[in-house]
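Trainee:
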Ligand SMILES: [Zn+2]
Ligand SMILES: [Zn+2]
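Chains as they are written, first to last, in the numbering used here: chain A, 1 to 498; chain B, 499 to 996.
#1: Rounded to a whole number of angstroms, what is the C-alpha to C-alpha distance between residue 521 of chain A and residue 643 of chain B?
#2: Grouping DSSP H, G and I as helix and E and B as strand, with all else coil, what is residue 498 of chain A?
#3: Is it buried or exposed, residue 961 of chain B, if we count other Cβ atoms within 10 angstroms and call 16 or more buried?
#4: Between residue 707 of chain B and the rest of its own chain, which residues show a CB-CB distance below 7 angstroms, the 5 nearest in sequence each way excluded?
#5: Looking only at its chain, what residues have a beta carbon closer than 7 angstroms to the beta carbon of residue 793 of chain B, apart from the 5 residues adjacent to it on each side?
#6: Pull up the distance between the alpha-carbon of residue 575 of chain B and that of residue 618 of chain B, whole angstroms please.
#7: Going along the chain, which residues of its own chain have a beta-carbon closer than 7 angstroms to the beta-carbon of residue 97 of chain A, five neighbours each way excluded?
#8: Verify whether the separation of the beta carbon atoms of residue 110 of chain A and residue 71 of chain A is less than 8 angstroms.
#9: Taking the beta carbon of residue 501 of chain B as the centre, do at least 16 other beta carbons fall within 10 Å, making it buried, or is it exposed?
#10: What three-state label does DSSP hand residue 149 of chain A in the structure shown?
#11: Answer with yes or no whether the minimum CB distance from residue 741 of chain B to chain A is below 8 angstroms.
#12: Which residues of chain A have a Cβ atom closer than 7 angstroms to the Cβ of residue 595 of chain B, listed in chain order?
#13: Please classify residue 642 of chain B: does DSSP put it in a helix, a strand, or coil?
#14: Measure from the C-beta of residue 317 of chain A to each C-beta in chain B and report whether the shortest distance is under 8 angstroms.
#15: Quick check on residue 282 of chain A: does DSSP put it in helix, strand or coil?
#16: Mind listing which residues of the stretch 70-81 of chain A have their C-beta closer than 8 angstroms to chain B's C-betas, in chain order?
#17: Can the beta-carbon of residue 31 of chain A be found less than 8 angstroms from the beta-carbon of residue 593 of chain B?
#18: CB-CB under 6 angstroms to residue 932 of chain B, same chain, minus the five flanking residues each way: which ones, in chain order?
#19: Could you give the DSSP three-state label for residue 127 of chain A: helix, strand or coil?
#20: If we require 4 or more residues per run, which alpha helix (DSSP H) segments fall completely within the stretch 42-86 of chain A?
#21: Ignore the nearest five residues each way along the sequence and tell me which others in residue 400 of chain A's own chain have a CB closer than 6 angstroms to its CB.
#22: Taking 8 angstroms as the cut-off, does the stretch 813-820 of chain B touch the stretch 571-585 of chain B (at least 3 CB pairs, one atom from each stretch)?
#23: Starting from the beta carbon of residue 642 of chain B, find every residue of chain A whose beta carbon is closer than 7 angstroms, and list them in chain order.
#24: List the residues of chain B whose Cβ lies closer than 7 angstroms to the Cβ of residue 119 of chain A, in chain order.
#25: Quick check for students: name the residue ranges of the alpha helix (DSSP H) that lie wholly in the stretch 388-453 of chain A, counting only runs of 4 or more.
#26: Do the CB positions of residue 229 of chain A and residue 260 of chain A come within less than 8 angstroms of each other?
#27: Of all the CB atoms in chain B, is at least one closer than 8 angstroms to the CB of residue 135 of chain A?
#28: Tell me whether the beta-carbon of residue 970 of chain B lies closer than 8 angstroms to the beta-carbon of residue 666 of chain B.
#29: Taking the alpha-carbon positions, what's the residue 267 of chain A to residue 496 of chain A distance?
#30: Are residue 700 of chain B and residue 691 of chain B close, meaning C-beta to C-beta below 8 angstroms?
#31: Of all Cβ atoms in chain B, is any one closer than 8 angstroms to the Cβ of residue 337 of chain A?
#32: So, for residue 479 of chain A: in the same chain, excluding its five sequence neighbours on each side, which residues have a beta-carbon less than 6 angstroms away from its beta-carbon?
#33: To which residues of the same chain is residue 507 of chain B closer than 8 angstroms at the C-beta, ignoring the five residues directly before and after it?
#34: If you follow the beta strand (DSSP E) that residue 1020 of chain B is in, where does it begin and where does it stop?
#35: Nearest to residue 155 of chain A by CA position, among A:170, A:38, A:132, A:60, is which residue?
#36: Compare the Cα-Cα distances from residue 544 of chain B to each of B:854, B:582, B:756 and report the closest residue.
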């Protein structure tokens with residue numbers, strides 16, 4: 001049925017376009033029967049699996065080990081860290097009955113696991129020899145949100161949460177920054193999503209953290225998407241859960257902790273970074289299917305010959321591994337042969353909407369000439385339109401072609417972001433830039449006060465996305481706040497946001 | 499602190515031995531603050547990850563795709579399939595409040611997902627062209643059990659649940675059996691756990707299934723562990739959730755469904771199959787660490803030389819991949835150098851308790867001779883006690899040595915099971931075999947009635963583990979029921995069970 005429906009264009013209705021791309025790409029659909037939840041369909045979940053395996057390897061390569069903690073958290077645990085309660089209490093889902101009886105103390109479904117993990121850290125850590133303790137958990141979490149949108153904000157979502165404990169604040173800060181860069185590198189190298197790395201203002205900080213670092217991605221409607229966060233928790237949870245260690249001098253100290261996470265939200269960012277009015281566009285490193293072979297034939301004897309050649313080609317392609325050299329996983333090309341009883345044009349359209357990077361047409365003429373006819377989902381400077389290549393040349397170059405396509409998608413996303421990033425110096429320019437639903441990435445001076453931040457947000461819905469780390473924005477030079485006219489130390493990144 | 503404590507022996511107290519092996523091996527610990535839950539610690543979770551990646555590849559190789567459905571299920575969904583309610587209602591955990599408000603309809607935390615997946619299958623399936631639909635989900639589930647034991651039975655556990663829909667009952671049965679064999683092959687090839695494949699009696703069937711197939715493993719106390727199940731659901735859920743398709747003739751029919759699952763329980767079975775009074779024993783295909791290098795030195799200049807050699811050796815070993823030829827993952831050897839300030843003997847003891855397959859001692863004498871001193875965690879016919887090997891010979895043979903060790907563990911487990919499997923023909927023999935806490939695998943004739951099954955269970959705690967598939971037990975020959983004396987078609991597997 002869906003084949004008959006066109007995707008809403010971005011110009012027409014951007015939020016509707018996003019929804020169409022997700023649904024027609026068969027990534028996910030709203031669960032409806034469970035408030036604010038979605039079902040992640042196979043084509044969407046396969047992207048999450050590819051995100052997981054690459055990120056997981058990066059976590060292991062930086063010395064982290066995975067573990068699993070209970071889904072349910074005693075309600076009293078959430079109450080132990082003052083700011084944490086305030087941040088999460090309104091969003092909790094509560095289990096009051098189990099096994100046919102009312103519980104003495106209710107449990108909440110974890111909205112995040114700092115509290116329950118803090119409890120176990122206290123049991124496991126005695127001495128400086130037990131530190132650093134570097135744990136990661138892949139899990140589902142639940143935050144009862146009012147307004148939800150597939151992948152970007154759902155009541156239940158899948159994520160990873162890193163939790164580490166250290167002997168010194170310096171070491172904890174180093175860890176926080178290391179993981180921010182793991183996220184930033186992953187976003188760019190694997191998702192082909194360019195990100196700005198920076199520090200959140202106090203008002204946007206994680207509930208219970210001293211400092212929150214983030215990566216911010218630019219979406220095609222000009223809004224920002226917070227794509228990952230890394231928190232310096234200081235000793236806040238260490239004190240709340242009494243996580244102490246004996247230092248080398250024999251004194252007891254509270255540990256310094258960090259936590260950091262990314263979620264299925266990344267898939268929303270991926271979709272909104274690359275997709276176009278024809279639907280989903282996926283970089284090969286996270287594409288569930290790399291190539292679709294469309295057999296072209298008219299007569300029965302042609303069909304047999306073409307299908308045989310298609311099977312042979314599929315087999316050859318499936319032996320090609322595009323994983324990085326020393327990866328912990330293999331990334332053999334996933335290839336489908338589309339032998340459905342449909343017109344080739346309808347098939348092209350179908351695979352385009354699923355974001356498959358490479359399409360291969362194979363007909364009797366191609367076989368006669370020993371050639372392959374291929375086309376990439378999106379034209380790039382290196383490969384535009386249909387290409388007719390001798391089969392051997394095609395097979396020898398396909399790995400590099402896919403990696404080049406990956407690079408080209410990143411370059412294109414960077415170019416779009418650059419074209420929509422501005423440096424603003426007057427309030428008039430600011431109001432014009434953010435009029436109506438409009439948004440851009442704007443580098444502006446800010447006086448550093450929560451009052452100004454709140455006033456700007458109130459008037460324009462624009463928030464401070466981050467104070468950029470060195471090299472992530474304009475060089476830090478003093479100026480005048482765009483709103484208050486008071487002195488500013490450096491420009492910060494402002495935009496509307498998801 | 500734990501280094502000082504000895505593991506309880508199996509002869510002394512088998513359940514305590516199991517608990518000690520799990521805790522001293524740092525696989526898991528009871529959560530305590532969350533009823534019946536455990537924390538899976540990194541060494542235990544790494545085993546689960548290795549289980550997942552290999553099973554997942556087997557699911558994909560048989561045409562399944564992963565997806566993700568909501569954790570919460572509307573309470574009314576559970577009530578739609580009559581037998582399903584009866585089986586699961588007493589064990590449900592219920593969410594009654596969320597986002598600060600009482601919910602109109604409570605949700606239950608999924609005890610399994612037939613119901614919510616049935617709901618979506620009804621939305622996705624219209625035509626025979628949409629079939630078969632073959633989905634798998636990796637997830638946490640919750641069943642509020644009264645008596646829990648780490649890995650074997652916990653209120654929350656991790657598992658995978660396959661859910662498929664087919665156009666015919668024949669095809670569904672074929673799928674059910676295929677997945678049973680995927681489980682059986684995985685248990686033997688990867689966990690080195692021999693299993694008996696068979697069919698459950700009606701009383702042990704999954705709530706809502708026409709037929710439940712299972713793999714049963716023999717534990718060292720003679721009890722059976724149900725290690726995996728595969729269910730032919732018939733049209734029960736298809737009718738409850740109105741999952742219909744138009745067949746080729748144009749008529750509407752209800753789909754035929756299957757579901758199948760294994761869980762973190764497998765880790766309990768793994769532990770109880772191989773471990774000994776010195777603690778954990780792990781087959782290399784699921785060992786988080788393959789080899790521990792213990793540097794041996796007395797003087798400072800020796801230390802430097804030995805540590806350099808240890809690092810070099812670790813690097814060479816870490817480049818060796820023991821994954822099967824065309825695996826979807828890489829399985830590079832995980833090697834640790836234990837440079838803690840402890841006596842070598844205490845280190846040996848420590849790595850033994852964690853089940854590390856290979857220990858390597860490296861001292862100045864070994865370096866002088868260009869040799870490696872290695873020892874496997876458990877003696878096998880091919881490799882018993884310490885081996886002194888020229889370094890090149892060691893490096894050239896280490897992959898094969900680990901794979902041989904894997905095979906030897908399976909052979910040893912099979913031999914133990916064979917020595918504890920009996921064929922019984924009289925009730926006196928039966929009562930003697932199962933006296934007190936005793937158990938064995940016993941092949942006995944049964945008259946096929948639920949009354950006899952219940953009477954045997956009532957008198958001896960022995961249950962019918964399965965009616966064996968062909969080749970999985972004695973040839974099917976008629977006989978006389980061991981309890982009632984009535985006619986029996988074939989022998990069935992009887993044992994006490996976890
Ligand atoms: Zn304290
Ligand atoms: Zn019906």
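Where a beta carbon is used, it is the ideal one built from N, C-alpha and C, also for glycine.
These numbers come from a predicted model, not from an experiment.
Mentor: So, from the data block:
#1: Chain A is shown from 1 up to 498; residue 521 of chain A falls before or after that span and cannot be answered.
#2: Residue mapping note: residue 498 of chain A aligns to position 498 of the first chain, counting from 1. If DSSP states are grouped into helix, strand and coil, residue 498 of chain A belongs with coil.
#3: Within the second chain, numbered from 1, the residue matching residue 961 of chain B stands at position 463. Label assigned to residue 961 of chain B: buried.
#4: Position 209 of the second chain, counted from the start, is the residue given in the question as residue 707 of chain B. Taken in chain order, the residues that qualify are 729, 730, 731.
#5: In the second chain, counting from the first residue as 1, residue 793 of chain B sits at position 295. Same-chain partners within the cutoff: 804, 805, 808, 835, 837, 860.
#6: To locate residue 575 of chain B, count along the second chain from 1; it is residue 77. To locate residue 618 of chain B, count along the second chain from 1; it is residue 120. Looking at the two C-alpha atoms, the distance is approximately 12 angstroms.
#7: As a first step, residue 97 of chain A must be located in the first chain, where it is residue number 97. Here the set comprises 103.
#8: Residue mapping note: residue 110 of chain A aligns to position 110 of the first chain, counting from 1. Residue mapping note: residue 71 of chain A aligns to position 71 of the first chain, counting from 1. Taking 8 angstroms as the Cβ cut-off, residue 110 of chain A and residue 71 of chain A qualify as a contacting pair.
#9: Start at 1 with the first residue of the second chain, and residue 501 of chain B comes out as number 3. Unreliable positioning characterises residue 501 of chain B in this predicted model, as indicated by a pLDDT of 48, which lies under 50. The coordinate reading is nonetheless provided below. With fewer than 16 Cβ atoms within 10 Å of its Cβ, residue 501 of chain B is classed as exposed.
#10: Residue mapping note: residue 149 of chain A aligns to position 149 of the first chain, counting from 1. Looking at residue 149 of chain A - three-state DSSP - the assignment turns out to be strand.
#11: The residue labelled residue 741 of chain B in the question sits at position 243 within the second chain. Closer than 8 angstroms: no.
#12: For this step, residue 595 of chain B is matched to residue 97 along the second chain. Those within 7 angstroms of residue 595 of chain B in chain A are 94, 96.
#13: Here residue 642 of chain B refers to the residue found at position 144 of the second chain. Three-state result, residue 642 of chain B: coil.
#14: Numbered from 1 along the first chain, position 317 holds the residue referred to as residue 317 of chain A. So no, residue 317 of chain A is outside the interface.
#15: Start at 1 with the first residue of the first chain, and residue 282 of chain A comes out as number 282. Coil.
#16: 70, 71, 72, 73, 74, 77
#17: Counted from its first residue, the first chain places residue 31 of chain A at position 31. Counted from its first residue, the second chain places residue 593 of chain B at position 95. Against a cut-off of 8 angstroms, the Cβ pair of residue 593 of chain B and residue 31 of chain A comes out as no contact.
#18: By 1-based counting over the second chain, the position of residue 932 of chain B is 434. Here the set comprises 958, 960.
#19: As a working note, residue 127 of chain A is residue 127 in the first chain. The answer is strand: DSSP assigns residue 127 of chain A an E or B state.
#20: 42-61, 75-78
#21: In the first chain, residue 400 of chain A corresponds to position 400, counting from 1. Here the set comprises nothing.
#22: no
#23: Here residue 642 of chain B is taken as the residue at index 144 of the second chain, counted from 1. Under the 7 angstroms cutoff, chain A gives 98, 99.
#24: Taking the first chain and counting its residues from 1, one reaches residue 119 of chain A at position 119. Here the neighbours are 531.
#25: 391-419, 427-433
#26: Residue numbering aside, residue 229 of chain A sits at position 229 when the first chain is read from its first letter. Residue numbering aside, residue 260 of chain A sits at position 260 when the first chain is read from its first letter. A contact, by the Cβ cut-off of 8 angstroms.
#27: Position 135 of the first chain holds residue 135 of chain A. With 8 angstroms as the cut-off, residue 135 of chain A counts as an interface residue toward chain B.
#28: Here residue 970 of chain B refers to the residue found at position 472 of the second chain. Here residue 666 of chain B refers to the residue found at position 168 of the second chain. No, they are not a contact pair.
#29: Locating residue 267 of chain A in the first chain gives position 267, where the first residue counts as 1. Locating residue 496 of chain A in the first chain gives position 496, where the first residue counts as 1. Distance between the alpha carbons of residue 267 of chain A and residue 496 of chain A: 19 angstroms.
#30: Here residue 700 of chain B is taken as the residue at index 202 of the second chain, counted from 1. Here residue 691 of chain B is taken as the residue at index 193 of the second chain, counted from 1. Contact flag unset, no.
#31: As a position in the first chain, residue 337 of chain A is number 337, starting the count at 1. Judged by the 8 angstroms Cβ criterion, residue 337 of chain A is not in contact with chain B.
#32: Taking the first chain and counting its residues from 1, one reaches residue 479 of chain A at position 479. Taken in chain order, the residues that qualify are 445, 488.
#33: Taking the second chain and counting its residues from 1, one reaches residue 507 of chain B at position 9. Excluding residues within five positions, the ones whose Cβ falls inside 8 angstroms are 515, 775.
#34: Residue 1020 of chain B is absent from the model: chain B starts at 499 and stops at 996.
#35: By 1-based counting over the first chain, the position of residue 155 of chain A is 155. That would be A:38, whose Cα lies nearest to the Cα of residue 155 of chain A.
#36: Here residue 544 of chain B refers to the residue found at position 46 when the second chain is read from its first residue. It is B:854 whose Cα lies nearest to the Cα of residue 544 of chain B.
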